Structures are given as structure tokens and as C-alpha cells.
Amino acid sequence: MVAKDEARKYLSDVAPEQCFWVNNGPILKNLDALANTLPDLSDDTFYHHVNNEKNDFSNWVRDVIGDHALANDLLSSKDKYSALRKVRNRLNSLKKKAG
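Going by this note's numbering, the sequence shown opens with residue 4, and the numbers climb by one from there.
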């Protein structure tokens, strides 16, 4: 279970130098931006970041945002719709917890 302060930390913007630069796309500074960007990504762009060799979204969520639970969930996402569902579910949970 996530504490209120922890939920707020996960929901906050990251430092500018820690933003996620989507290949040929926007720059993400928080989980909301990730959730808003995923539906519009082309399959090619998504698979540039998520494939058999890597999962850039999971790595960013774990290493920068600090949300290990969501990062682990994202590891099993093989398409953007699965990733989006997991990010939205986690966002809803975190927002309720953060108050």
C-alpha cells in the first residue's frame, strides 16, 4: 500500500533533466503525461521504446518516478493499450491516495 506522501511524489513532475523524451514525440514530465501520450503513439514509436530487448517506460517509471509497482506491471505490457490500462489504473489509485 502506498502512503499519501509517496503517492504525491509519484504524481509530481520530475526534474527537467529527468524527463522522458519520446522518440519523435513529446517530452514527458509525469505519469499523467505518459497516460495522455500513450494513446497517440504510433505502433512504431511504442515498439521503439518497448520490445524484447528493453522497456523504456518501465525503466523510467522505476528509476525516475520511483514507482516500482507500476514499473513491474509495465514489464508485462507488450502493446500500448495494455500499458495505457496499467498506467491509468495506477494513476486512479495514486490520485485517490494522494487526496
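Note that CB positions come from ideal geometry on N, CA and C, so glycine has one too. A quick note: this is a predicted structure, and the numbers were derived from the prediction, not measured.
Could you name the residues of the same chain whose beta carbon sits closer than 7 Å to that of residue i, not counting the 5 residues immediately before and after it, in chain order?
i     : result
Ser45 : none
Please name the residue in the options whose C-alpha comes closest to that of residue i.
i     : options                    : result
Met3  : Pro29, Asp70, Ser61, Asn55 : Examination of residue 3 is not possible in this model, given that the chain is present from 4 through 102 alone.
Glu20 : Val67, Lys83, His51        : Val67
Pro29 : Val53, Lys89, Asp43, Ala72 : Asp43
Helix, strand or coil for residue i, going by three-state DSSP, please let me know.
i     : result
Val90 : helix
Asn33 : coil
Val53 : strand
Asn58 : strand
Excluding the five sequence neighbours on either side, which residues of its own chain have a C-beta within less than 8 Å of the C-beta of residue i, listed in chain order?
i     : result
Leu14 : Asn33, Leu34, Asp35, Leu94, Leu97, Lys98, Ala101
Lys89 : Leu73, Asp76, Leu77, Ser80
Are there 16 or more other CB atoms within 10 angstroms of the CB of residue i, so buried, or fewer, so exposed?
i     : result
Ala74 : buried
Asp76 : buried
Ser80 : buried
Ala10 : buried
Please check the pair residue i and residue j, which I expect to be a contact at CB under 8 Å, by giving their CB distance rounded to whole angstroms.
i     : j     : result
Asn26 : Thr48 : 5 Å
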